[in-house]
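Sequential numbering from 1036 applies to the sequence shown in our numbering.
See structure below.
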Amino acid sequence: MERVRRFTRVGLMGRMSVVLSLVFMIGCSSKDDPVPPTPVEITDISSMKEMDGNVPANEGETITIEGVATMGTGVMASGRYMKFHIEDDTGGAYVFADTEALTPQPAVTTLQADGSSFLGIEIYEGDQVRIRGEIGSHDGMIEFYPLSGGSISVRDSGESQPVPHFFASVDAIYESEYEHVGDLVRVNDVKIQGDASEAWPEYGEKGKDIELKAAGDTNTLYADIYPGSGIPGSNYPEGTFNIVGVLHREVAEGGEVAYTIYPRALYDINPENGSPLSGHQLLVYKQGQKGQ
C-alpha cells in the first residue's frame, strides 16, 4: 500500500508539473504578450547647426526632432509651401515642405516624392511637435525636411513659448553667425531705414526686406512681414521700436551674409511692456474694471 501511495503522489506531482509548464508556456507566448515599443531617439536641434562653411555638416542625415512651435503654418503661408518653426531647449528649426513636389528636395535622399501628403497639415503656436526628417539647406539657410506628412505628429498643445534670445544690437546678430538661426529672437530700439510709410506693407500685401538698424549698427537686419501675421495694414512704428520674430540667415552667391527676422503677429511689434502702435487700443482689465 505504501508503494501505491508513493506512486500516486509522484504521479499527481508529475501531472501538475506538466500542467504548470503548459500554463507558463502559454502565458509567455510572444503572440499574446505586447511587444514594448522601441524608444524614439530625439536629437537636439542644435546639432543641425554644426556647420561646414555655409552648409550643415550633417546635411542629408535623417533624424527625429521635437519642440514647441514658435510659428505656426498660417503665418509664412505662401501658395504651395508649408513652413513653420519649432524650438527645443537647444535651439530652433525651420521646417519646410513643398506640397506639390514630385521629386525629392535637393540634397535630400529619402524624402518622399509625393508632396501632397503635407496638404491640410496645420500647426499652431504652442503645439508640441515631433518630426522625422532630413537636415538640408537652401542659400545658406538651415532647413528641416519632413519625410512625409505622416512623419509630423502633434504630441500636445498650449505649451509656453520659449523666451526670445535677446540681441543688444543688429551687429550682435551678425557676430552670432549660425548659433541662433531658426530661434525666436528679440532686438530692441531698431528703426526703419528710409521712409517707414513706404516700407510698411499695406493690408493683404507682403513687406519684404524692410531695413532695420539700431543706433551705432553697421549691419542691417531685414524684416519680412507676411499677410498671415496680420501686421500688414497696421500703423507703422514711428521712431525706434522693439521687435520679436524667428531669425533666418542667408548667403548670396558672392558670399554676402544677410539676416532676416519674421515677426509672427502684431504682438511681436513692441512686445510686452513696449508702447502699442499708434492708432491701436490697449484694453486693460483690473479687478473687474475695464480701462484703457
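Virtual Cβ for every residue (Gly too), placed ideally from N, Cα, C.
Would residue i and residue j be called neighbours here (beta carbons separated by less than 8 Å)?
i     : j     : result
I1245 : I1266 : no
L1219 : P1197 : yes
P1110 : G1263 : The residue asked about is misnamed: residue 1110 is Val in this sequence, not Pro. Taking 8 Å as the Cβ cut-off, V1110 and G1263 qualify as a contacting pair.
R1221 : N1305 : no
I1077 : E1101 : yes
G1274 : P1298 : no
I1166 : F1153 : no
E1194 : T1105 : no
R1284 : V1205 : no
K1084 : Y1209 : no
Y1129 : M1176 : yes
I1187 : E1096 : no
T1134 : G1150 : yes
Q1163 : V1103 : yes
State the start and end residues of the unbroken beta strand (DSSP E) segment that holds residue i.
i     : result
D1206 : Where D1206 is concerned, there is no enclosing beta strand (DSSP E), although the alpha helix (DSSP H) it sits in stretches over V1205 to E1210.
V1110 : Element bounds for V1110: n/a, residue is neither H nor E.
A1300 : Premise fails: A1300 is in no beta strand (DSSP E) and is neither H nor E.
I1227 : L1219 to I1227
H1173 : Q1163 to H1173
G1243 : The identity of residue 1243 in the sequence shown is Lys, whereas the question assumes Gly. That run of the beta strand (DSSP E) goes G1242 to A1249.
S1152 : Counting along the chain, S1152 falls outside any beta strand (DSSP E), and DSSP gives it neither H nor E.
L1256 : L1256 to I1260
R1190 : I1187 to D1191
H1200 : H1200 to F1202
I1158 : Careful: I1158 lies outside any beta strand (DSSP E) and carries neither H nor E.
E1288 : Per DSSP, E1288 belongs to no beta strand (DSSP E) and is neither H nor E.
Y1180 : M1176 to P1181
If you follow the alpha helix (DSSP H) that residue i is in, where does it begin and where does it stop?
i     : result
S1232 : A1231 to A1234
DSSP three-state label for residue i, please.
i     : result
G1274 : coil
P1072 : coil
M1083 : helix
I1061 : Because I1061 sits at a pLDDT of 42, beneath the cut-off of 50, its placement in the model cannot be relied upon, and the point is left open.
G1323 : Here G1323 scores only 42 on pLDDT, less than 50, and its place in the model should not be relied on; the value that follows carries that caveat. Here G1323 sits in coil by DSSP.
Have a look at the DSSP bridge pairing and note the partners of residue i.
i     : result
E1122 : V1103 and G1127
G1280 : V1220
A1132 : M1117
I1098 : G1168
P1197 : Beta-bridge pairing links P1197 to no other residue.
P1091 : M1086
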